[in-house]
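Notes for the one structure printed next.
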Amino acid sequence: MSPNDVAERLAGLRADFDRSFAEPARRHDEEYAELLAVHAGGRPYALRLSQASGLHQDRAVTPLPGPQPALLGVAGFGGAIVPVYDLAALLGHAVPDRPRWLVLTAGAPALALAFHQLDGHVRVTAAEIVEEPGADGGDILRGMVPLAGGTRPIVDLPAARAAVHRLAGHTEHAEKER
Numbered sequence: 001m002s003p004n005d006v007a008e009r010l011a012g013l014r015a016d017f018d019r020s021f022a023e024p025a026r027r028h029d030e031e032y033a034e035l036l037a038v039h040a041g042g043r044p045y046a047l048r049l050s051q052a053s054g055l056h057q058d059r060a061v062t063p064l065p066g067p068q069p070a071l072l073g074v075a076g077f078g079g080a081i082v083p084v085y086d087l088a089a090l091l092g093h094a095v096p097d098r099p100r101w102l103v104l105t106a107g108a109p110a111l112a113l114a115f116h117q118l119d120g121h122v123r124v125t126a127a128e129i130v131e132e133p134g135a136d137g138g139d140i141l142r143g144m145v146p147l148a149g150g151t152r153p154i155v156d157l158p159a160a161r162a163a164v165h166r167l168a169g170h171t172e173h174a175e176k177e178r
């Protein structure tokens, strides 16, 4: 490489460096949220994939007798028997037919929530999600997200688990003893 080639290459690198400051900054650290777009009880919702540990279609659910209409029964997942609750019923909607999709919530104890329709997977920037400030903990909806077809409420799966525990009569004290 001749000294002239080196000088030209160096001038090109300097020009590229200077030009990089004139261009708009690119964000490489932008946070994203992975969501499942679903329908439960005929209404659109979104679920955070980070709060789920599995998604299953047409899984057999063994019905259980009991006073809770939201409890559909139990299903087997990897050798474990997991209670299955109807998401539409937990949200206070009428349940016209049996849901065909199950989402396993992340964390313990294991819980599956049933919903009627999977609309797809979407990835949105965290800035697109409108969080609800000061949620009281009694509601399982936390935030809204604008998606194609309209804005969807986001179901908070840990809050849904807490609601199921309240329905089942579990107290906070009893849970801490385990």
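Under the UniProt record's numbering, the first residue of the sequence shown is numbered 1, with each subsequent residue one higher.
Heads up, the beta-carbon is just placed ideally off N, CA and C, and yes, glycines get one too.
- The Cβ neighbour count for residue 103, taken over all protein chains shown within 10 Å, is at least 16; the residue is labelled buried.
- In this structure, the CA atom of residue 72 is about 15 angstroms from the CA atom of residue 93.
- Bridge partners of residue 1 according to DSSP: none are assigned.
- DSSP places residue 166 in the uninterrupted alpha helix (DSSP H) bounded by 157 to 167.
- Non-local C-beta neighbours of residue 44 in its own chain, meaning closer than 6 angstroms and more than five positions away in sequence, comprise 152, ordered along the chain.
- Annotation: the continuous alpha helix (DSSP H) that includes residue 90 extends over 87 to 90.
- In the same chain as residue 17, and ignoring 5 residues on each side of it, no C-beta atom comes closer than 6 angstroms to its own.
- The alpha carbon of residue 61 has as its nearest neighbour, out of 86, 49 and 96, the alpha carbon of 86.
- Under DSSP, residue 81 takes part in a beta bridge, and its partners are 76.
- Under the three-state reduction of DSSP output, residue 10 falls in the helix class.
- DSSP lists 46 as the beta-bridge partner residues of residue 154.
- Using a 10 angstroms sphere on the CB of residue 115, the tally of other CB atoms reaches 16 or more, which defines it as buried.
- According to DSSP, residue 64 shares a beta bridge with no other residue.
- Of the candidates 163, 143 and 164, 143 places its Cα closest to the Cα of residue 47.
- The shortest CA-to-CA distance from residue 83 to any of 99, 1, 7 and 110 is the one to 110.
- Assignment of residue 59 by DSSP, reduced to helix, strand and coil, places it in the coil class.
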